[in-house]
Amino acid sequence: MKKIGRNAPCPCGSGKKFKHCHLGREDELVLDGRGDISMEMSSAITALPQVTYGRSGKMIEALDLMDLTGCSVGIRCVDLGRYRELGMTGRPGTQGAKTGGGAVVINVLKTRKSDPDNIYLAISPRVSDSILVHQLAHVLDYLKGSGLIPGITRALSFDLGIPPEHLEHPHEFGTWLSFLHDRFHVRPDADDAIIAYLHQHGMLIMGKDIRMQDRIILKSKSEQILDFLGKRSEEIDVMIRELPGYIGSRVGRD
57 MKKIGRNAPC PCGSGKKFKH CHLGREDELV LDGRGDISME MSSAITALPQ VTYGRSGKMI
117 EALDLMDLTG CSVGIRCVDL GRYRELGMTG RPGTQGAKTG GGAVVINVLK TRKSDPDNIY
177 LAISPRVSDS ILVHQLAHVL DYLKGSGLIP GITRALSFDL GIPPEHLEHP HEFGTWLSFL
237 HDRFHVRPDA DDAIIAYLHQ HGMLIMGKDI RMQDRIILKS KSEQILDFLG KRSEEIDVMI
297 RELPGYIGSR VGRD
């Protein structure tokens, strides 16, 4: 898309400045026909060769999306490196990038013009089971859950000054994440173990609250999550210290 100044009026017509509206969520403008994602750009993504790194092929084959979500769509995986080379990633990083086992759900608004029948994951050759399950949970949450496009809440979290993971992982996402961990017998990494713990205790924010974008509600619920994590930090540290992705004690950091 043509670069838009942070203080310029948002192209969506809301009357707000771009930085307070669609900054970080530029792909949403395509919904209203105001973006310029061309067929060529979309086709460049969907034409990438399909890959089956790790257990991706077996996991996807085992998921009956029609039965689980009522949606007649498929999931295709492409190489994360090849996808990045296209220059259309639109986000600063991907889950697992530091370990070389990254993965990301490609925004459906980028791919549905040339392939409306599939949702695309970009994955690396070293993608782990836990990262695959995390990204598949995002897909299921989008299809039958919060309905939020993965990564679409970054600008909102920045605007509200709350941790982005509080909005990226709503309650419905937590439900699917637990389902997939059980379904594929996957040991969660440290971050996903915390998400599952928050979900178990009813602390994750509901998707409907995120969609409403009520600043007071979201900031209040985010503060509740931080307070909960702070009070349970020692218990959580014991729970995650032997899990992949553990980066040291989090006691006192929340």
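Plus 56 on top of the position in the sequence shown (first one is 1) and you've got our numbering. Glycine residues also receive a C-beta, built at the ideal position from the N, C-alpha and C atoms. Model, not experiment: these values are computed from the prediction.
Counting only the same chain and skipping the five closest in sequence on each side, list residues whose C-beta sits under 6 Å from that of residue 181.
The residue given as residue 181 occupies position 125 in the sequence shown. Correct list, in chain order: 109.
Evaluate residue 194 with the Cβ neighbour count: other Cβ atoms within 10 Å of its Cβ, from every protein chain shown; 16 or more gives buried, anything less gives exposed.
Within the sequence shown, the letter at position 138 stands for residue 194. Result: buried.
Assuming residue 210 is part of the alpha helix (DSSP H), what are its boundary residues?
If you number the sequence shown from 1, residue 210 lands on position 154. Run containing residue 210: 210-216, per the alpha helix (DSSP H) assignment.
Taking DSSP as the reference, what is the three-state secondary structure of residue 244?
Here the question's residue 244 lines up with position 188 in the sequence shown. Coil at residue 244, not helix or strand.
Give the DSSP-derived three-state secondary structure of residue 233 in the structure shown.
As a working note, residue 233 is residue 177 in the sequence shown. Residue state, collapsed to three classes: helix.
What does DSSP give as the partner residue(s) for residue 161 in the beta ladder?
Taking the sequence shown and counting its residues from 1, the one referred to as residue 161 is at position 105. As computed with DSSP, residue 161 is found in a beta bridge with 177.
Under the rule that 16 or more other beta-carbon atoms within 10 Å means buried, what is residue 300, buried or exposed?
Position 244 of the sequence shown, counted from the first residue, corresponds to residue 300. Under this definition residue 300 is a buried residue.
Residues in the same chain with beta-carbon distance under 7 Å from residue 296, minus the five sequence neighbours each way, listed in chain order, please.
The sequence position of residue 296 within the sequence shown is 240, counting from 1. Cβ within range, chain order: 246, 249, 250 and 302.
Backbone CA spacing between residue 118 and residue 130 [nearest angstrom]
Residue mapping note: residue 118 aligns to position 62 of the sequence shown, counting from 1. Residue mapping note: residue 130 aligns to position 74 of the sequence shown, counting from 1. The straight-line gap from Cα to Cα measures roughly 12 Å.
Delimiting residues of the alpha helix (DSSP H) encompassing residue 273
For the purposes of this step, residue 273 is taken as the residue at position 217 of the sequence shown. Residue 273 -> alpha helix (DSSP H) spans 271-287.
For residue 324 versus residue 228, is the C-beta spacing smaller than 9 Å?
Residue 324 cannot be examined here, being either before or after the span of the chain that is shown, 57 to 310.
If we call anything under 9 Å between Cβ atoms a contact, is residue 187 one with residue 230?
Stepping through the sequence shown from its first residue, residue 187 is reached at position 131. Stepping through the sequence shown from its first residue, residue 230 is reached at position 174. Their beta carbons are not under 9 Å apart, which means residue 187 does not touch residue 230 by this criterion.
I need the DSSP call for residue 153, collapsed to helix, strand or coil.
For the purposes of this step, residue 153 is taken as residue 97 along the sequence shown, with counting starting at 1. Reliability of the predicted coordinates at residue 153 is poor, the pLDDT of 48 falling under 50, and the value obtained from them is presented with this limitation in mind. Residue 153: helix per DSSP, three-state reduction.
Is it the case that the Cβ atoms of residue 115 and residue 240 are separated by a distance below 9 Å?
For the purposes of this step, residue 115 is taken as residue 59 along the sequence shown, with counting starting at 1. For the purposes of this step, residue 240 is taken as residue 184 along the sequence shown, with counting starting at 1. Cβ atoms of residue 115 and residue 240: closer than 9 Å.
Roughly how many angstroms separate the alpha carbons of residue 234 and residue 281, rounded to a whole number?
Here residue 234 refers to the residue found at position 178 when the sequence shown is read from its first residue. Here residue 281 refers to the residue found at position 225 when the sequence shown is read from its first residue. When rounded, the distance between both Cα atoms is 19 Å.
Taking 9 Å as the CB-CB cut-off, is residue 237 touching chain D?
Among the protein chains of the structure shown there is no chain D, as only one such chain exists.
Are residue 105 and residue 138 closer than 9 Å when you measure CB to CB?
Translated into the one-based positions of the sequence shown, residue 105 becomes position 49. Translated into the one-based positions of the sequence shown, residue 138 becomes position 82. Closer than 9 Å, so yes.
Cβ shell of residue 212 (< 7 Å), same chain only, five flanking positions each side left out
Along the sequence shown, one-based indexing puts residue 212 at 156. Excluding residues within five positions, the ones whose Cβ falls inside 7 Å are 223 and 269.
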